[in-house]
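So for the sequence shown, this note's numbering puts the first residue at 205; every next one is plus one.
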Amino acid sequence: MKNLIPKEFCLACDVCCRFLEERSLLRPIFLKEERRDEFKDLLDSEGHVILKKYNSLYICPFFLPEKNICSIYEQRPIDCRLYPFIITYNENKGKTMLCLDTTCPYAKDKMAPQGDYEKLCIRDKKIFDEEFKDSESFYYSFVNFYIWKGMTDIWWRKTNGKIDILLGQGGNLIEFDKIKKYKEYIYLREELSELKGGRFKHKRSSFNFFVKNYNYAYLPYEAKMKGECLKLFSKWAQDRKQKYKDLYYHRLIDDSLSAQKIAMEEFEELGLIGRVVKIEGVISAYTFGYQLNKETFCILFEITDLKFKGLSQFIFREFCKELTKYKYINLMDDSGLENLRRVKKSYRPIN
């Protein structure tokens, strides 16, 4: 197969062959006819390479990080030869698709739209905030676009007084207005902060259990907490993946890592409010959110150590208690996932 990417791009790249998790869904797989005897100790039973630890990442066992080259380049599997194209499936697993991995620097460089579009950057926040200041949907908030820029290129322009937005997805540029959007969950903030009545009996009981049984501190997020928060995210992600086997959900978790990093690193510029809970001095939960409009606050993330009963209910309620200037809480959507839908409905949305 013809090599699609010029050699100089590959040798300067710090993306390929490196993975955030030991069992990443993107790790290469060898087809049966590609599996040689000398490779057998480096592949699992399905033909996936067994990644090895390297600094804070995991790398392909055939990758030589010191030289940034593949040690079996001529025998590499078709999974690698296709890159930056990857074979995957849609969210319903009904179709097998050939997609473009836009984390590849070369692929991203080739995806700029024609015309007077600009790539989204932090200085565009004031323009977006003004344009969508009365929007009730988190989908059109600047924060929602910006934190996902690590996963997809976002381009915009203003024509006839309206902002047009394009997303780079699967090798294509897609109009944001035309992509599928899920139902958003809206709540009365006062109900979430008080948890009164039989409807919230279980939530209230879990909250009270946490308060009575743990030595905790509820604190504002600070930039120096990023490393500890990301460590917690990694643990949370592994716990979620073990409980829920849906590969689409796993992919969403993987994708959210870069968004969480951006939120933690640029929370002040983005106008985010962050809170953490420390238990015995260790960060065991964190949450971030932002003003969506004058009446509504959007909660962006909530990550907790699942071994502490009532911790999720505690940090959520405490955060809502603080937000007294807002009437509503927007918990965004459920991405079409039943487990997220169930949790969000349990807090009794008004819509």
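Heads up, the beta-carbon is just placed ideally off N, CA and C, and yes, glycines get one too. Remember, predicted model here, so these are calculated numbers, not experimental data.
CA nearest to the CA of residue i, picked from the options
i, options, result
"residue 268", "486, 230, 218", "218"
"residue 479", "504, 473, 499, 459", "504"
"residue 519", "553, 500, 538, 423", "423"
"residue 286", "309, 461, 348, 302", "302"
"residue 535", "308, 390, 379", "390"
"residue 281", "262, 221, 486, 363", "221"
"residue 557", "473, 490, 304, 448", "Since the displayed the chain opens at 205 and closes at 555, residue 557 lies outside it and no answer follows."
"residue 213", "307, 241, 239", "307"
"residue 262", "231, 462, 336, 489", "231"
"residue 469", "425, 506, 486", "425"
"residue 273", "216, 355, 223", "216"
"residue 359", "326, 490, 516, 255", "326"
"residue 514", "367, 405, 234", "405"
"residue 586", "392, 387, 550", "Absent from the model: residue 586. The displayed extent of the chain is 205 to 555, so no value can be given."
"residue 367", "356, 209, 323", "323"
"residue 431", "223, 379, 486", "486"
"residue 496", "369, 531, 259, 429", "531"
"residue 335", "356, 305, 304, 369", "369"
"residue 225", "481, 550, 445, 498", "445"
"residue 227", "247, 243, 239", "247"
"residue 349", "364, 362, 333", "333"
"residue 165", "260, 330, 356", "The chain is shown only over 205 to 555; residue 165 falls outside these bounds and no answer can be derived."
"residue 328", "549, 372, 362", "362"
"residue 564", "418, 414, 526, 490", "Here the chain comprises residues numbered 205 to 555, so residue 564 is not present and cannot be evaluated."
"residue 249", "258, 239, 257", "239"
"residue 565", "415, 242, 499, 416", "The shown model of the chain, from 205 to 555, leaves out residue 565, and the question about it has no answer."
"residue 279", "433, 243, 260, 292", "243"
"residue 237", "283, 421, 413, 416", "283"
"residue 418", "364, 547, 481", "481"
Bridge-paired residues (DSSP) for residue i
i, result
"residue 424", "479"
"residue 406", "Answer is none; residue 406 lacks a bridge partner."
"residue 502", "494, 534"
"residue 441", "Residue 441 is not bridged to any residue."
"residue 486", "483"
"residue 289", "304"
"residue 267", "274"
"residue 362", "367"
"residue 282", "Bridge partners of residue 282: none, in fact."
"residue 508", "489"
"residue 434", "Residue 434 is not bridged to any residue."
"residue 261", "258"
"residue 323", "359"
"residue 233", "252"
Terminal residues of the alpha helix (DSSP H) in which residue i lies
i, result
"residue 212", "211 to 216"
"residue 329", "329 to 335"
"residue 451", "451 to 469"
"residue 253", "No alpha helix (DSSP H) holds residue 253; DSSP gives it neither H nor E."
"residue 558", "This structure leaves residue 558 out entirely; the chain is present only between 205 and 555."
"residue 520", "515 to 526"
"residue 219", "Element bounds for residue 219: n/a, residue is neither H nor E."
"residue 544", "542 to 549"
"residue 348", "346 to 350"
Test: residue i CB closer than 7 Å to a CB of chain B
i, result
"residue 540", "Absent here is chain B; the protein component of the structure consists of one chain."
Assumed close pair residue i, residue j - CB separation to whole angstroms, cut-off 8 Å
i, j, result
"residue 539", "residue 456", "6 Å"
"residue 483", "residue 512", "6 Å"
"residue 436", "residue 488", "7 Å"
"residue 345", "residue 502", "7 Å"
"residue 467", "residue 351", "5 Å"
Residue interval of the beta strand (DSSP E) (run including residue i)
i, result
"residue 258", "256 to 258"
"residue 392", "390 to 392"
Contact under 7 Å by Cβ, residue i with residue j
i, j, result
"residue 343", "residue 385", "yes"
"residue 347", "residue 494", "yes"
"residue 266", "residue 276", "yes"
"residue 492", "residue 476", "yes"
"residue 354", "residue 462", "yes"
"residue 408", "residue 552", "no"
"residue 255", "residue 317", "no"
"residue 209", "residue 321", "no"
"residue 507", "residue 440", "yes"
"residue 251", "residue 234", "yes"
"residue 411", "residue 521", "yes"
"residue 388", "residue 537", "yes"
"residue 510", "residue 443", "yes"
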